[in-house]
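Chains as they are written, first to last, in the UniProt record's numbering: chain E, 1 to 499; chain X, 1 to 100. Positions of the beta carbon are idealized from the N, C-alpha and C atoms, including for glycine. Model, not experiment: these values are computed from the prediction.
Structure follows, in structure tokens:
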């Protein structure tokens with residue numbers, strides 16, 4: 001249970017949150033027509049006669065959209081319904097030529113499942129928590145309207161009309177903005193692992209309807225909820241919950257009642273406002289679509305769907321902390337995004353191969369490099385970094401020189417910079433540019449002897465018990481070696497000589 | 001089951017059909033006749049019979065995910081699509097402003 005509370009004049013309130021996430025299914029063509037789904041086309045270039053609802057056209061279901069919805073359901077450990085059906089949701093709007101949206105009200109393709117949000121004490125999530133998922137159904141998206149292009153007209157682009165969406169409906173299990181934010185991030189991560197949705201919130205591939213109600217702490221009854229539509233970022237989802245919970249508490253405490261209604265979020269003003277006032281707005285008169293027979297899923301199809309699932313975020317995180325012995329922080333960072341773990345795993349395999357070690361032995365080194373060193377160098381170079389030179393082979397070669405003590409951490413960064421700018425070979429750079437650390441004990445010993453001879457008083461003080469002076473000798477030796485001495489070797493030799 | 005004038009007016013409004021008072025009056029008995037006629041089906045005992053969704057024993061046919069597989073059901077036909085538009089504006093349908 002989260003301890004998120006809204007302080008009211010009459011006491012503390014808690015918030016109850018449910019989310020309906022609309023995720024655009026990754027497919028080349030639309031749910032019921034073969035028009036393209038590609039983003040950014042000329043207006044109305046990707047509209048078929050089916051999408052435009054010409055008389056006599058019949059919908060034919062896209063097998064890939066079914067497959068992606070089923071795989072998504074499996075990834076959230078949900079019940080897969082081998083019998084599902086399509087229904088018409090009737091309403092009139094300029095973005096919907098059919099006059100109805102084909103959806104699945106009565107028999108959705110995916111039933112109950114769950115999703116784990118990880119403990120995050122800083123964010124106010126004291127322990128791991130499962131959020132229930134009620135259902136996933138597939139449905140058509142509507143077209144896009146633009147109201148600001150002409151003084152008296154709205155413009156309609158039907159390219160998005162008929163594109164497949166999964167509507168992923170959570171249970172009202174979330175009790176703070178942080179939990180809702182973690183839920184959306186985790187869901188996005190799973191969708192991207194599975195490859196069923198690109199999760200691009202800027203392009204509208206994922207958007208959430210946020211259901212919020214409030215009640216006095218400990219009350220058994222749920223309050224009346226409002227639904228804020230089409231919220232398109234994690235940050236806005238969290239802001240909507242904060243604003244809406246506050247508004248409802250204030251309203252109730254002033255003697256008003258919350259009306260069950262649809263609201264809109266205005267990010268500029270950071271407030272929600274009522275969207276539809278018509279009392280019959282929700283009278284959708286659903287009925288089974290007579291154009292579409294029931295969808296039945298065969299065993300062989302389900303087996304293929306399951307076999308095609310990749311290792312999922314939770315399993316991957318456990319493997320990273322277990323088998324690879326990584327810290328929880330590193331594991332969480334590396335597994336959040338598909339691109340990050342893909343880069344990490346490629347580099348891990350290559351580093352282990354070059355070093356002739358197991359992946360577990362090099363995992364921590366590769367993790368630190370992937371998460372902090374490499375991004376830091378790339379960022380500092382800005383446009384000078386040519387990412388085509390950022391190969392796993394080059395990165396692994398640098399890491400190999402570091403673990404062999406041939407180069408220091410600082411030298412590794414310098415070599416990496418040159419690699420990114422020029423694509424030259426790391427070993428060659430280390431050699432040519434003098435970016436190698438001196439591990440030759442003879443040369444280091446000679447410098448140490450000089451340092452000790454030049455500072456007899458300090459040597460005496462050290463031997464007299466002033467341990468802190470050790471750092472001084474290290475510093476002097478490194479300076480004499482122009483910073484290229486292997487610090488481990490310097491330490492060892494100094495300890496021996498100072499006795 | 002039967003409908004009254006108010007219900008018919010609501011259904012008409014949801015379907016965006018404008019109806020005058022006289023039309024509504026005429027429509028109420030017409031719709032009720034249809035409803036009564038269909039309601040006769042309720043007299044048949046169909047306990048133990050699975051609901052039928054189609055008259056032919058068949059399941060849904062799926063298609064492969066291929067863009068513009070068939071010219072009749074594919075995109076790339078903007079001129080055809082916009083041929084019926086009330087106004088054609090830079091490739092968009094132009095409709096009366098639908099925002100309050």
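- Considering only 208/E, 186/E and 151/E, the residue with the shortest C-alpha distance to residue 129/E is 186/E.
- For residue 89/X, the C-beta contacts it makes with chain E under 8 angstroms involve 149, 150, 153 and 155, in order along the chain.
- Within the model, the alpha-carbon separation for residue 327/E versus residue 193/E is close to 22 angstroms.
- Contacts with chain E at 8 angstroms (Cβ-Cβ) do not include residue 44/X.
- Straight through space, the alpha carbons of residue 206/E and residue 269/E are spaced by roughly 22 angstroms.
- Residue 484/E is not a Cβ neighbour of residue 450/E, given a cutoff of 8 angstroms.
- In this structure, residue 234/E lies away from residue 169/E, with their beta-carbon atoms at least 8 angstroms apart.
- In the structure shown, the three-state DSSP call for residue 284/E is coil.
- Secondary structure at residue 236/E: helix, using DSSP grouped into helix, strand and coil.
- The continuous alpha helix (DSSP H) containing residue 368/E extends over residues 359-368.
- Interface annotation, residue 196/E: not in contact with chain X, CB-CB separation never under 8 angstroms.
- In this structure, the straight-line span from the alpha carbon of residue 212/E to that of residue 21/E is close to 14 angstroms.
- Residue 485/E sits in a strand when the DSSP states are folded into three classes.
- Across the segment 67-85 of chain X, CB contacts with chain E closer than 9 angstroms involve 67, 68, 69, 70, 72, 73, 74, 75, 76, 77, 78, 80, 81, 82, 84 and 85, in sequence order along the chain.
- Where residue 376/E is concerned, the enclosing alpha helix (DSSP H) starts and stops at 374-381.
- For residue 92/E, a Cβ of chain X is located within less than 8 angstroms of the residue's own Cβ.
- Take the alpha-carbon of residue 110/E and the one of residue 135/E: they are about 6 angstroms apart.
- One finds nothing in chain X with a Cβ atom closer than 7 angstroms to the Cβ of residue 268/E; even the nearest lies about 17 angstroms away.
- The C-beta separation of residue 29/E from residue 35/E comes to about 6 angstroms, placing the pair in contact by the 8 angstroms criterion.
- Between residue 403/E and residue 355/E, the C-beta gap is smaller than 8 angstroms, which places the two residues in contact.
- Shown here, residue 12/E sits in a strand according to DSSP, grouped into three states.
- Those residues of the segment 15-29 of chain E placed with their C-beta closer than 9 angstroms to a C-beta in chain X are 27, 28 and 29, ordered along the chain.
- Using beta-carbon distances, residue 52/E counts as an interface residue toward chain X, with a partner under 8 angstroms.
- Cβ-Cβ distances below 7 angstroms link residue 316/E to 335 and 341 in the same chain, with the five nearest sequence neighbours on each side left out; the list follows chain order.
- In the structure shown, residue 1/X adopts coil according to DSSP, grouped into three states.
- Here the segment 83-100 of chain E makes no contact with the segment 121-128 of chain E; the two share fewer than three CB pairs at distances below 8 angstroms.
- Residue 398/E and residue 337/E have their C-alpha atoms spaced approximately 24 angstroms apart.
- The CB of residue 9/X never comes closer than 8 angstroms to any CB in chain E; the least such distance is about 11 angstroms.
- In this structure, residue 117/E lies away from residue 133/E, with their beta-carbon atoms at least 8 angstroms apart.
- Taking 7 angstroms as the cut-off between beta carbons, none of the residues of the segment 170-192 of chain E comes near chain X.
- Of the candidates 473/E, 179/E and 197/E, the residue whose Cα lies closest to the Cα of residue 67/E is 197/E.
- If you draw a straight line from the Cα of residue 365/E to the Cα of residue 415/E, it is about 17 angstroms long.
- Beta bridge pairing from DSSP links residue 208/E with 21/E and 231/E.
- For residue 292/E, a Cβ of chain X is located within less than 8 angstroms of the residue's own Cβ.
- Here residue 293/E really is in contact with residue 54/X; their C-beta atoms are around 5 angstroms apart, less than 8 angstroms.
- Residue 28/X sits away from residue 10/X, with the two beta carbons spaced by 8 angstroms or more.
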